[in-house]
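*Asks:* Position one of the sequence shown corresponds to residue 2 (the working numbering), numbered consecutively onward.
Glycine is no exception: its CB is placed at the ideal position from the N, C-alpha and C atoms.
Since we're looking at a predicted model, the values are computed, not measured.
Below is a structure I'd like to ask you about.
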Amino acid sequence: MKLMQKIDKKIASVDHKIEIISPIKIDLISQIFLCNFNDIKSVIRVDFDLPNWLKEQRASEFKIFNFLKTKTQNQKILYHDLDRGILIREFHEGKEISYSDIRRKENLISLGKEIKKVHEIKIDNVAINNFENAIENYKDTLKNKIKNNWYLNQGFKIFDSLSYRKEQIIFSHNDLNRENILFNKKYFFIDWEYASGNSPYFDFASIISSYDFNDEEIGYLFYGYNKNFLLDKEKLKNWVKFTYFLDYIWRQCLVETTKHDEKSLRIMDLERNLDIFK
């Protein structure tokens, strides 16, 4: 109840006409609603109390939105208050694509083409974070736990083995999972708070781990991206493995810096899943 009262109070603080229509989802750090904002169908995200490392990612997100204004993935931000943790964007018609539909050859090729458009966005001279910096921040947050935690140690070890600094760094969404990929005649990506400069392999690894694509499906995805792309299958495999550990690392950061505990974040379940890599 106290949490909902806080959310209601935050929404009431916005000096605009807001009509909440229905909740969309609640996650570990925010709640999202469908609403009308000044009579425009919109989506409002209200953050819970965030630790500094997440506030920094929210600040980076707003820079990304400004950067995307003239790009193919323009998010049409209507209102933003970083201090109160409120973001309102115009509603984008679309739906999550099902596990079966996304596996169709033509859909995989189309998805690959849309990812290519994102990766071709030029980031020269733009103040956008680097993915390696985010990983270093996670390491710093968890520095007292890494030594005695095999899962954390292994996750960071996998990242170090990826020879990240030798990668071609492109503009990457960094959170392409099922919830963040919408479809309405074409693909549209939402939730850009983790976007940064990164290896092109990471967006593919995120999608592959989210949908559990097989080799043939991965082939269609990369064909849409660039039929001449020289795919390093071993490198891709290691990036996919890293995505599983990254979720664990991120949740452990929440344990260290918020009121969440290991039970509420299902840490033991994640550890059991990661045991396959032992």
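I want to know whether the region 236 to 250 touches the region 203 to 217 - three or more CB-CB distances under 8 angstroms.
*Replies:* yes
*Asks:* Using the three-state DSSP reduction, which class does residue 44 fall into: helix, strand or coil?
*Replies:* Counting from one through the sequence shown, the residue named residue 44 turns up at place 43. Reduced to three states, the DSSP call for residue 44 is strand.
*Asks:* Using DSSP with H/G/I as helix, E/B as strand and the rest coil, what is residue 95?
*Replies:* Mapped onto the sequence shown, residue 95 falls at position 94. Residue 95: coil per DSSP, three-state reduction.
*Asks:* Between the Cα of residue 137 and the Cα atoms of 160, 109 and 79, which residue gives the shortest distance?
*Replies:* Here residue 137 corresponds to residue number 136 of the sequence shown, with the count starting at 1. Checked all of 160, 109 and 79; the closest Cα to residue 137 is 160.
*Asks:* Would you kindly work out how many angstroms separate the C-alpha atoms of residue 98 and residue 183, rounded to a whole number?
*Replies:* Residue 98 sits at position 97 when you count from the first residue of the sequence shown. Residue 183 sits at position 182 when you count from the first residue of the sequence shown. Between the alpha carbons of residue 98 and residue 183 lies a distance of about 7 angstroms.
*Asks:* Whole beta strand (DSSP E) runs in the region 115 to 196 with 3 or more residues, listed along the chain?
*Replies:* Positions of the beta strand (DSSP E) runs, each at least 3 residues long and wholly inside the region 115 to 196, are given as 171 to 173, 182 to 184 and 188 to 190 in order along the chain.
*Asks:* Just to confirm my understanding: we take residue 2, look at its own chain, exclude 5 residues before and 5 after, and list those with CB closer than 8 angstroms. What are they?
*Replies:* Within the sequence shown, numbered from 1, the residue matching residue 2 stands at position 1. Any reading at residue 2 must be qualified, since the residue scores a pLDDT of 49, below 50, and its modelled position is unreliable; the value itself is stated next. Cβ-Cβ distances below 8 angstroms link residue 2 to nothing in the same chain once the five nearest sequence neighbours on each side are left out.
*Asks:* Taking its Cβ as the centre, do 16 or more other Cβ atoms sit within 10 Å of residue 20, making it buried, or is it exposed?
*Replies:* Here residue 20 is taken as the residue at index 19 of the sequence shown, counted from 1. Exposed: under 16 other Cβ atoms inside 10 Å.
*Asks:* Exposed or buried, residue 132, counting other C-beta atoms within 10 Å across all chains shown (16 or more means buried)?
*Replies:* Here residue 132 refers to the residue found at position 131 when the sequence shown is read from its first residue. The residue is buried, with at least 16 neighbouring Cβ atoms inside 10 Å.
*Asks:* Should residue 16 be labelled buried (16 or more other beta-carbon atoms within 10 Å of its own) or exposed?
*Replies:* As a first step, residue 16 is located in the sequence shown; it is residue number 15 there, counting from the start. Exposed: under 16 other Cβ atoms inside 10 Å.
*Asks:* Just how far apart, CA to CA, sit residue 122 and residue 57?
*Replies:* Residue 122 sits at position 121 when you count from the first residue of the sequence shown. Residue 57 sits at position 56 when you count from the first residue of the sequence shown. Each residue's Cα considered, the two are about 23 angstroms apart.
*Asks:* Just checking my contact of residue 170 with residue 199 at CB under 8 angstroms: how many whole Å lie between their CB atoms?
*Replies:* One-based indexing of the sequence shown puts residue 170 at position 169. One-based indexing of the sequence shown puts residue 199 at position 198. Right, their Cβ atoms sit about 7 angstroms apart.
*Asks:* Tell me which residue opens and which closes the alpha helix (DSSP H) that residue 201 is part of.
*Replies:* For the purposes of this step, residue 201 is taken as the residue at position 200 of the sequence shown. Run containing residue 201: 201 to 212, per the alpha helix (DSSP H) assignment.
*Asks:* What's the call for residue 105, buried or exposed, on a 16-neighbour Cβ count within 10 Å?
*Replies:* If you number the sequence shown from 1, residue 105 lands on position 104. Exposed, because fewer than 16 other Cβ atoms sit within 10 Å of the Cβ of residue 105.
*Asks:* Mind checking whether residue 83 and residue 63 have CB atoms under 8 angstroms apart?
*Replies:* As a working mapping, residue 83 is identified with position 82 in the sequence shown. As a working mapping, residue 63 is identified with position 62 in the sequence shown. Against a cut-off of 8 angstroms, the Cβ pair of residue 63 and residue 83 comes out as a contact.
*Asks:* Quick check: the region 107 to 121 against the region 218 to 227, are there 3 or more CB pairs under 8 angstroms?
*Replies:* Touching, per the Cβ criterion.
*Asks:* Which residue from 173, 22 and 274 puts its Cα closest to that of residue 38?
*Replies:* Translated into the one-based positions of the sequence shown, residue 38 becomes position 37. Selected option, being the one with the closest Cα: 22.
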